[in-house]
Amino acid sequence: MSATDRDVIFELTPVATANAADRARFLNLLGLCFRDDPVWRTLVPDDTASRHAAYRYFAENVRIHGLIKHGHLVRERATGRIVGHAALFPPSPPSSSGANDGAFRAQIEPVVGATVARRLEAMFGKFGEMTDVVAAARPEIKDPIWGLQAVIVDPAMQGRGIGTWRSARCSPSSRPCRWF
């Protein structure tokens with residue numbers, strides 16, 4: 001299947017404009033796709049109620065970290081069903097990730113507990129450093145870059161090139177991303 005075929009089958013819609021049902025589907029996919037990730041498992045509590053609260057928190061409040069603000073849902077055109085998502089780190093690091101200003105911990109701690117809140121704070125405190133990483137590894141790159149933050153595809157749809165198709169269209173100007 002070519003990228004053109006995928007353009008006919010799938011469409012991209014901004015997460016920021018998603019309705020409640022779309023957000024719920026995105027939240028379920030996020031949890032499903034990252035359930036075996038060791039970092040995710042360390043951050044998200046084991047018990048069901050806390051895990052669902054953490055997923056909901058991410059879906060509703062992660063705008064400051066880019067999954068929603070810079071993310072797009074992959075939707076089947078024929079059914080409208082969400083089958084994936086991808087998000088970017090913006091080309092300029094933010095002046096503050098929001099994770100280390102005290103407000104973040106006060107907001108997240110009642111949802112996931114003190115231990116997980118500390119872990120999240122440390123992890124989110126690293127966001128915005130992509131430009132420094134690229135500058136150190138590839139000093140010849142002078143143009144602003146967007147970093148790929150996350151790509152998820154419904155496990156039932158994996159292996160069909162959806163993630164690759166979506167990643168190639170991550171550029172805010174709808175041009176394909178430059179791969180390094």
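Those letters in the sequence shown? Residues 1 to 180, by UniProt numbering.
Ideal Cβ placement from N, Cα and C applies to all residues, glycine included.
Worksheet item: Does the Cβ-Cβ distance between residue 26 and residue 18 come in under 8 Å?
Response: Your numbering for residue 26 matches position 26 in the sequence shown. Your numbering for residue 18 matches position 18 in the sequence shown. Yes, Cβ-Cβ distance for residue 26 and residue 18 is below 8 Å.
Item to complete: Have a look at the DSSP bridge pairing and note the partners of residue 151.
Response: Taking the sequence shown and counting its residues from 1, one reaches residue 151 at position 151. According to DSSP, residue 151 shares a beta bridge with 86.
Worksheet item: What first and last residue would you give for the beta strand (DSSP E) that runs through residue 13?
Response: As a first step, residue 13 must be located in the sequence shown, where it is residue number 13. Residue 13 -> beta strand (DSSP E) spans 10-14.
Worksheet entry | Nonlocal neighbours in the same chain, by C-beta distance under 7 Å from residue 32, ignoring five residues either side | Residue mapping note: residue 32 aligns to position 32 of the sequence shown, counting from 1. So the qualifying residues of the chain are 155.
Worksheet item: Taking C-alpha atoms, which residue in 87, 21, 35, 29 lies nearest to residue 164?
Response: Counting from one through the sequence shown, the residue named residue 164 turns up at place 164. Minimum Cα distance to residue 164 is reached at 87.
Worksheet item: Any idea if residue 141 is buried or exposed, counting beta-carbon neighbours within 10 angstroms, 16 or more meaning buried?
Response: Stepping through the sequence shown from its first residue, residue 141 is reached at position 141. With fewer than 16 other Cβ atoms within 10 Å, it is exposed.
Fill in: Contacts around residue 105, its chain only, beta-carbon distance under 6 Å, and the 5 residues preceding and following it disregarded
Looking up residue 105 in the sequence shown gives position 105. Contacts found: 117, 121.
Worksheet item: In terms of residues, what are the limits of the alpha helix (DSSP H) holding residue 166?
Response: Translated into positions along the sequence shown, residue 166 becomes position 166. Start and end: 162-167.
Item to complete: Report yes if the CB atom of residue 74 is closer than 8 Å to the CB atom of residue 12, and no otherwise.
Response: Taking the sequence shown and counting its residues from 1, one reaches residue 74 at position 74. Taking the sequence shown and counting its residues from 1, one reaches residue 12 at position 12. Result yes, Cβ atoms of residue 74 and residue 12 sit closer than 8 Å.
Fill in: Test: residue 137 CB closer than 8 Å to a CB of chain C
The chain inventory of the structure shown lacks chain C, comprising one protein chain alone.
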